[in-house]
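For reference, the structure discussed in these notes is given below.
4 protein chains.
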Amino acid sequence: MRITVWNENVHEAQGDELVLSHYPDGIHGAIAAGIAPLLEDAEIRTATLQDPEHGLTEDVLAATDVLLWWGHIAHEQVSDEVVERVFQHVQAGMGLLVLHSGHYSKIFQRLLGSTASLLWRNEGERELVWTIDRTHPITQGIPDPIVIPRQEMYGEPFDIPTPDELLFVSNFAGGEVFRSGVTYRRGLGRIFYFSPGDQEYPVYHQAEIQQVLANGVRWAAPTRPRRNVTAIHKPEAGWFAAS
Amino acid sequence: MRITVWNENVHEAQGDELVLSHYPDGIHGAIAAGIAPLLEDAEIRTATLQDPEHGLTEDVLAATDVLLWWGHIAHEQVSDEVVERVFQHVQAGMGLLVLHSGHYSKIFQRLLGSTASLLWRNEGERELVWTIDRTHPITQGIPDPIVIPRQEMYGEPFDIPTPDELLFVSNFAGGEVFRSGVTYRRGLGRIFYFSPGDQEYPVYHQAEIQQVLANGVRWAAPTRPRRNVTAIHKPEAGWFAAS
Amino acid sequence: MRITVWNENVHEAQGDELVLSHYPDGIHGAIAAGIAPLLEDAEIRTATLQDPEHGLTEDVLAATDVLLWWGHIAHEQVSDEVVERVFQHVQAGMGLLVLHSGHYSKIFQRLLGSTASLLWRNEGERELVWTIDRTHPITQGIPDPIVIPRQEMYGEPFDIPTPDELLFVSNFAGGEVFRSGVTYRRGLGRIFYFSPGDQEYPVYHQAEIQQVLANGVRWAAPTRPRRNVTAIHKPEAGWFAAS
Amino acid sequence: MRITVWNENVHEAQGDELVLSHYPDGIHGAIAAGIAPLLEDAEIRTATLQDPEHGLTEDVLAATDVLLWWGHIAHEQVSDEVVERVFQHVQAGMGLLVLHSGHYSKIFQRLLGSTASLLWRNEGERELVWTIDRTHPITQGIPDPIVIPRQEMYGEPFDIPTPDELLFVSNFAGGEVFRSGVTYRRGLGRIFYFSPGDQEYPVYHQAEIQQVLANGVRWAAPTRPRRNVTAIHKPEAGWFAAS
């Protein structure tokens, strides 16, 4: 399994001290380090906005089974060409995990056909992540609830299409709720959105969060060869009728 | 529209003073009085466990478009024959609203094929009922969130099948979340489960709760003639092939 | 209710004799004439690709409750600006019916985040449209199946997201099946895709098809004021915690 | 993985020559032999109606990861006690595959809360089984469509709840369609219904059908320890509030 962890890497590149105190190797570095021991059969690389073509060239994507996406303040700096390239690879079967403020990324909005807007408030309040679907591989081995001591609040209404599967719902101390783990299929690709994780709190260092991400990667990995969904067979008249 | 509000009426019949302080005319009486002004075209009757055949004779059900069901401590006293009768009418198109602790009623378990078990705790804590589906007729005109000052907590995991539609999710002050408004179809019938409402708190006197129930009744009301779903057409061989 | 029937109107404008033999007033004219008697409370207007801004100005869309969309060979000629405008109105609550080869329209692909590719073959074969969801208002009063004597075949795999509701599935004489009636929600808007209807066959003159379209319009019509889903409330810290 | 293939075994026990010509070792024998080479890590046993407790004792079920169920003319002879036992094991996490005319079995109706009625006609017509969900593990490696030369027709309306996942839809030469592969979750258990397979036709000898069943078994196998879903935690007041 070949995994690419993408991060806009802007807080880090700007030298934000709070962010760097939690993530000295970048959020991408922390995510990669967190899931690596749980996915021993995986090759994990990272890529960032600052790389040529944001590190997401055709070659890189063609060699990626699952892409993880973290972005926050630089969504607009991601080139439309790269977004379209990722979109096509998802349609063809590449798995995609969209993380936290990545809900507002171009690629997530493009795949959902929705704004993905939500309520938010950053007061470092407690988030409890409750499992809704106890039969799903992504929720396997995850404590119910996950307790995140301090977090940014994301709340409903979350403007997303009805998910294919609702895996987690969060409670925030301030009173809100949020569909914090949802899945979608687009083309031959599987998509998992998971909201816990913020640059100001050390969420990606929690073992339970790392386990969810590793489970998500395994779930999203393609199980058949990648192919262009539009390259369809046009049956000739009477072929089936004659059989 | 013809509505029947069913209540086991046991707390009331036993003279429970707390319950009677909130519901001197019974929970069924309060629900009926609450929705009546919102459903001016409706005939509303009530029925209770203590009535002959629990007040749910074949004639009553045949003349009921939507049945509301409230039960708590006497689920086992409901006769299997009456449960089966209600089941058949739902299959044939009668609407059903299952309320609060009715999640453990025989009829709800029978329709879902699930235990409908859940977490619970009764400490009179605040419940916030958030709207998830903003396009649904049941959520129309409902404040987001509904604030219920004191309530029994119902929490996930709620052991129900994946709902056809997820309308509301509640936050409880103690930290839990709950899918408090969900819909299902069974046969030709529509089912709406709504959890707010308890015998110890005056929830059914809140205008927003009454509006949700009235919206639910309108949504669940059948739009086509009631009929036996098993009385199917068996097409003769070649009928379609020849057409 | 204010309805706008949009048609690219290219077959007609090019003087295609077969198309004009079925639809002398254009496909838009036939659709509008077909649903008008079934929607007596509606104002129905039409718009085409050739109109300034394709007839879909901000003023027209702001005064449209439900938009019907028919396109086939000129999807690429629809300006991105108009597509974006329609997209925003759907998010804000406008209903949308996408018809037949409109599956490949920019607006449908944009709303679904999918290619909407499918199998097809045009041999004028029989299509039978079977009702799957018998409780839905769109299927009310519709014969099961609808028999369309001669049609273009559309077949699975249909590359769309899992529908919110699956209403119709078609059988084609050549052996294929197709999810011919599906619904989605995006933002506050409701979307209904219905595949029967082609420029080479007089499908839109069938009474059952007209009834499905009229039912679809009633279902998709907004039930609350149109508003920008991104104009959200950002709750202040402690507001709910303090209540 | 421990698999139990259950068959009522009545056609066979009665010496039905047509059935025995296809299935000299019984339908259960043919299914077990068909999936065994595809599930090399599995222990496969069979059980029939005629065995004590129908071969489905508490010990057998406790040692079964996935149960396959085939029944046709003897549904009423299955004891309610055994049905309840199977029901409880599914809730606790045992996987279940329901096959063909098993749609009318007590256990399927009990789990769905539906009649599971359908159209049918037995004229030995061609069935084409089309894949709808191309991302699902059950459809992996399956030709699209599967061609079954002669089959009993099962048609819509199929009176089932909205499936969690729609995997296959069939076309019949006579003109009908049918949701021939659907999944559900109940409690911690996964359920897969697959309609191809009949006692009068050698369907279970087709390699593609065997592959679907093997894929279904792998998908339905539990991924966590079996446990009673009603044995829930009742959180004490203030526990979460205090954390």
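Residue numbers (the UniProt record's numbering), protein chains in the order written: chain U, 1 to 243; chain Z, 1 to 243; chain E, 1 to 243; chain D, 1 to 243.
No residue lacks a Cβ here, since even glycine has one placed at the ideal position from N, Cα and C.
Name the chain D residues that come within less than 7 Å of E:Glu152, Cβ to Cβ?
-> Neighbours of E:Glu152 on chain D: none; closest Cβ ~16 Å, over 7 Å.
CA nearest to the CA of D:Ala33, picked from D:Phe172, D:Gln14, D:Thr4 = Of the listed residues, the one whose Cα sits closest to D:Ala33 is D:Thr4.
For Z:Pro157, return the contacting residues in chain U, with the cut-off set at a CB-CB distance below 9 Å.
-> Going along chain U in sequence order, the residues near Z:Pro157 (Cβ under 9 Å) are Trp130, Thr131, Ile132, Arg134, Asp144.
Contact between the segment 45-60 of chain Z and the segment 3-22 of chain Z (3+ Cβ pairs under 8 Å) | Touching, yes, given that three or more Cβ pairs across the two stretches are closer than 8 Å.
D:Ala62 burial status per 10 Å Cβ neighbour count (16 or more: buried) | So D:Ala62 ends up on the exposed side.
Cα separation between E:Arg190 and U:Arg226?
-> Answer to the nearest angstrom: the Cα atoms are 32 Å apart.
If you compare alpha carbons, which of E:Arg218, E:Glu84, E:Pro161 is closest to E:His136?
-> Of the candidates E:Arg218, E:Glu84, E:Pro161, the one whose C-alpha sits nearest the C-alpha of E:His136 is E:Arg218.
Min CB distance U:Arg186 to chain E below 9 Å | True, the Cβ-Cβ gap to chain E drops below 9 Å.
Any heavy atom of the ligand ATP closer than 8 Å to the CB of Z:Leu213?
-> This structure lacks the ligand ATP, and indeed carries no ligand of any kind.
Roughly how many angstroms separate the alpha carbons of U:Asn228 and D:Pro161, rounded to a whole number?
-> If I take the Cα positions, the gap works out to 33 Å.
Kindly indicate which three-state DSSP category U:Ala63 falls into: helix, strand or coil?
-> In this structure, U:Ala63 counts as coil in the three-state DSSP scheme.
Kindly say whether E:Pro177, judged by its beta-carbon, lies nearer than 9 Å to any beta-carbon of chain D.
-> One detail in the question is off: residue 177 of chain E reads as Val in this sequence, not Pro. True, the Cβ-Cβ gap to chain D drops below 9 Å.
Endpoints, the alpha helix (DSSP H) within which Z:Gln211 is located | Residues 207-220.
Select from Z:Ser21, Z:Leu67, Z:Ile142, Z:Trp120 the residue whose C-alpha is nearest the C-alpha of Z:Ala207.
-> Check the Cα spacing between Z:Ala207 and each of Z:Ser21, Z:Leu67, Z:Ile142, Z:Trp120: the tightest is with Z:Ile142.
Under 7 Å between beta-carbons, which chain Z residues line up against U:Asn215? List them in chain order, please.
-> Chain-order list of chain Z residues neighbouring U:Asn215: empty, with the shortest C-beta distance near 18 Å, by a criterion of under 7 Å.
For U:Val60 and U:Arg2, the rounded distance between their alpha carbons | Here the C-alpha atom of U:Arg2 lies approximately 10 Å from the C-alpha atom of U:Val60.
Determine which residues share a DSSP beta bridge with E:Met153 and list them.
-> E:Arg121, per the DSSP bridge assignment.
Look up Z:Glu53 in the DSSP assignment and say whether it is helix, strand or coil.
-> Residue state, collapsed to three classes: helix.
Write down every uninterrupted run of the beta strand (DSSP E) in the segment 138-197 of chain U whose length is 3 residues or greater and which is fully enclosed by it, in chain order.
-> List check, beta strand (DSSP E) in window: 146-155, 165-172, 177-186, 189-194.
Rounded C-beta distance between U:Ile132 and U:Asn215? I'm assuming under 8 Å.
-> The C-beta separation of U:Ile132 from U:Asn215 comes to about 15 Å, leaving the pair out of contact by the 8 Å criterion.
Any idea what DSSP makes of Z:Gly93, helix, strand or coil?
-> Z:Gly93 falls in the coil class under three-state DSSP.
Assumed close pair E:Trp69, E:Trp120 - CB separation to whole angstroms, cut-off 8 Å = Contact doesn't hold; Cβ gap of about 18 Å is too wide.
Where DSSP assigns a beta bridge to E:Ile31, which residues make up the other side?
-> In the DSSP output, where bridge partners are listed per residue, E:Ile31 has none listed.
If we count Cβ pairs, one from each stretch, closer than 8 Å, do we get three or more for the segment 113-128 of chain Z versus the segment 75-87 of chain Z?
-> Contact between the segment 113-128 of chain Z and the segment 75-87 of chain Z is absent, because fewer than three Cβ pairs lie under 8 Å.
Using a Cβ cut-off of 9 Å (strictly closer), state whether D:Asp164 contacts chain Z.
-> Yes, contact with chain Z.
Among residues of its own chain, excluding the 5 on either side of E:Gly113, which ones have a beta-carbon nearer than 8 Å to its beta-carbon?
-> Short of 8 Å from the beta carbon of E:Gly113, and not among the five residues preceding or following it, lie these beta carbons of its own chain, in chain order: Pro161.
Output yes if chain Z places a C-beta closer than 9 Å to the C-beta of U:Ser117; else output no.
-> Not one chain Z Cβ lies under 9 Å of U:Ser117.
Candidates Z:Val169, Z:Leu167, Z:Asp159, Z:His28: which alpha carbon is nearest U:Arg134's?
-> Answer by Cα proximity: Z:Asp159.
Contact list for D:Leu67 against chain Z, beta-carbon separation under 8 Å = Neighbours of D:Leu67 on chain Z: none; closest Cβ ~16 Å, over 8 Å.
Kindly indicate if chain E contains any beta-carbon less than 9 Å away from that of U:Pro161.
-> So yes, U:Pro161 belongs to the interface.
Of all the CB atoms in chain Z, is at least one closer than 9 Å to the CB of U:Ser170?
-> Yes, U:Ser170 lies at the interface with chain Z (some Cβ there is under 9 Å from its Cβ).
Go ahead and label D:Ile31 buried or exposed: buried means 16 or more other beta carbons lie within 10 angstroms of its beta carbon, across all protein chains shown.
-> D:Ile31 comes out buried.
For the beta strand (DSSP E) that contains D:Ile44, what are its first and last residues?
-> D:Ile44: member of the beta strand (DSSP E) spanning 43-48, first to last residue.
Cβ of Z:Leu112 less than 9 Å from any chain D Cβ?
-> Output row for Z:Leu112: interface = yes.
For chain E, find out if any of its Cβ atoms is closer than 9 Å to the Cβ of D:Glu126; answer yes or no.
-> At residue 126 of chain D the sequence reads Arg, which differs from the Glu that was named. Chain E, which has a Cβ nearer than 9 Å to the Cβ of D:Arg126, makes this yes.
Which stretch, first to last residue, makes up the alpha helix (DSSP H) that contains D:Ile107?
-> Taken as a continuous stretch (DSSP letters only), the alpha helix (DSSP H) holding D:Ile107 covers 106-112.
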